[in-house]
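Residue 1323 is where the sequence shown starts when you use the working numbering, and the numbers rise one by one after that. Ideal Cβ positions, reconstructed from N, Cα and C, are used throughout, including at glycine.
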Amino acid sequence: MTKVSVVIPTMNEESSIGLVIDEVKAALEGVRPYEILVVDTDSRDRTREIAVGKGAMVVEESRRGYGRAYKTGFEKASGEIIATLDADMTYPASDIPKLADMLESQGLDFITTDRFADMAKGAMSAKHRLGNRVLSLAARILFRVKVRDSQSGMWVFRRSVLGGFTLESDGMAMSEEIKVEAFKKSKAAEVPITYRVRVGEVKLQSWKDGMGNLRFLFKKRF
Ligand SMILES: Nc1nc2c(ncn2[C@@H]2O[C@H](COP(=O)(O)OP(=O)(O)O)[C@@H](O)[C@H]2O)c(=O)[nH]1
Ligand SMILES: [Mg+2]
1323 MTKVSVVIPT MNEESSIGLV IDEVKAALEG VRPYEILVVD TDSRDRTREI AVGKGAMVVE
1383 ESRRGYGRAY KTGFEKASGE IIATLDADMT YPASDIPKLA DMLESQGLDF ITTDRFADMA
1443 KGAMSAKHRL GNRVLSLAAR ILFRVKVRDS QSGMWVFRRS VLGGFTLESD GMAMSEEIKV
1503 EAFKKSKAAE VPITYRVRVG EVKLQSWKDG MGNLRFLFKK RF
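Quick look at the structure:
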């Protein structure tokens, strides 16, 4: 069985990181070899302590940014398959084995997930839903990527795809960037998931990150 490295970025997620690690362990223990890498940016709460206590490896990355955290985590990952998710209980960690199986049985390189397929009530505000729809539409038009949800943060992919492109963004825009590149340069698919209500405070800055993402798409395209 191929090893899975589960990479989780954190910034002050003490109320949820333990729950996420528990769910990852319950899903993978005895199913596949795995490791859990928590990439933390200067948490001032008990995030690191909880992660270490639950057996995860904590990677310190003090340079801010969601994309930066992932790039650092990917460099440290030893599994041939990498799975990503937020530290906030929104994504179904229990789906990781199913998605890894799908990757292998269908000969895929990259799987991203579609949160719009089954979203819990209150999991995403109307403003964020609209923003995500606009960004997803922009990605479809500008890059012809067949994704409904360009901002989903749960991906399961072969580590080898990372050798095929360079990720420029250090921020939230890395989420759409990795999809654009993976769909262009490898065999990729989007799979529906259930998206849950967040535990703890959101780190995303709606307007700043939303407009930043849109700007990123246009800059990358033209
Ligand atoms: N290491 C690190 N993690 C971050 C940073 N910004 C956000 N995160 C984490 O990235 C994930 C996504 O952030 P979140 O607030 O859930 O954004 P949303 O899901 O887009 O609303 C969470 O697990 C955050 O703790 C950062 O600068 N560094
Ligand atoms: Mg989140």
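Contact under 9 Å by Cβ, residue i with residue j
{"i": "Asp1362", "j": "Glu1383", "result": "yes"}
{"i": "Val1478", "j": "Ser1508", "result": "no"}
{"i": "Phe1432", "j": "Lys1501", "result": "yes"}
{"i": "Arg1444", "j": "Ser1528", "result": "The question names Arg, but residue 1444 is Gly in the sequence shown. The answer is no: Cβ separation not under 9 Å."}
{"i": "Met1333", "j": "Tyr1413", "result": "no"}
{"i": "Val1519", "j": "Ala1442", "result": "yes"}
{"i": "Leu1526", "j": "Val1456", "result": "no"}
{"i": "Ser1472", "j": "Ala1460", "result": "yes"}
{"i": "Ile1403", "j": "Arg1466", "result": "no"}
{"i": "Ala1378", "j": "Thr1434", "result": "no"}
{"i": "Glu1512", "j": "Leu1489", "result": "no"}
Closest residue to residue i among the options (Cα-Cα distance)
{"i": "Ser1327", "options": "Leu1526, Gly1429, Tyr1356 and Val1342", "result": "Tyr1356"}
{"i": "Phe1505", "options": "Val1469, Asp1531, Val1342 and Lys1420", "result": "Val1469"}
{"i": "Ser1409", "options": "Val1521, Gly1493 and Arg1368", "result": "A small correction: the amino acid at residue 1409 is Ala; Ser does not occupy that position in the sequence shown. Checked all of Val1521, Gly1493 and Arg1368; the closest Cα to Ala1409 is Val1521."}
{"i": "Ile1339", "options": "Glu1498, Ala1445 and Val1374", "result": "Val1374"}
{"i": "Tyr1388", "options": "Ala1461, Gly1493 and Arg1368", "result": "Gly1493"}
{"i": "Val1360", "options": "Glu1523, Thr1369 and Leu1425", "result": "Thr1369"}
{"i": "Leu1464", "options": "Met1323, Glu1499 and Lys1347", "result": "Glu1499"}
{"i": "Asp1364", "options": "Glu1336, Ala1348, Ala1378 and Lys1376", "result": "Glu1336"}
{"i": "Lys1530", "options": "Ala1495, Glu1503, Ala1511 and Glu1523", "result": "Ala1495"}
{"i": "Ala1422", "options": "Glu1371, Ala1349 and Ile1372", "result": "Ala1349"}
{"i": "Thr1324", "options": "Leu1425, Phe1487, Gly1534 and Glu1523", "result": "Leu1425"}
{"i": "Lys1420", "options": "Arg1354, Val1524 and Glu1523", "result": "Arg1354"}
{"i": "Tyr1517", "options": "Gly1532, Gly1401, Ile1418 and Met1446", "result": "Met1446"}
{"i": "Glu1351", "options": "Ile1418, Asp1367, Arg1386 and Met1411", "result": "Ile1418"}
{"i": "Leu1407", "options": "Arg1437, Ser1400, Arg1386 and Arg1385", "result": "Arg1437"}
{"i": "Met1533", "options": "Phe1487, His1450 and Lys1376", "result": "His1450"}
{"i": "Ser1497", "options": "Phe1544, Ser1458 and Gly1401", "result": "Ser1458"}
{"i": "Ser1400", "options": "Ile1358, Met1411 and Asp1367", "result": "Ile1358"}
{"i": "Lys1376", "options": "Asp1367, Arg1385, Arg1386 and Lys1347", "result": "Lys1347"}
{"i": "Val1524", "options": "Arg1462, Ala1405 and Met1411", "result": "Met1411"}
Distance between beta carbons of residue j and residue i, contact taken as under 8 Å
{"i": "Lys1398", "j": "Val1381", "result": "5 Å"}
{"i": "Asp1440", "j": "Pro1514", "result": "6 Å"}
{"i": "Val1342", "j": "Ala1415", "result": "6 Å"}
{"i": "Ser1491", "j": "Phe1540", "result": "Rounded, the Cβ-Cβ distance is 13 Å, inconsistent with contact."}
{"i": "Val1329", "j": "Gly1395", "result": "4 Å"}
- Item | Length at least 3, wholly inside the region 1370–1414: the beta strand (DSSP E) runs in chain order | 1379–1382 and 1403–1406
- Within the region 1448–1498, ranges of the alpha helix (DSSP H) (whole runs, at least 4 residues): 1448–1465
- Query: Hey, which residues come within less than 6 Å of ligand 2, measuring from Cβ to any heavy atom, in chain order?
  - Reply: Asp1408, Asp1410, Thr1412 and Arg1520
- Task: Taking only runs that begin and end inside the region 1417–1451, name each unbroken beta strand (DSSP E) of 3 or more residues, in chain order.
- Result: 1432–1441
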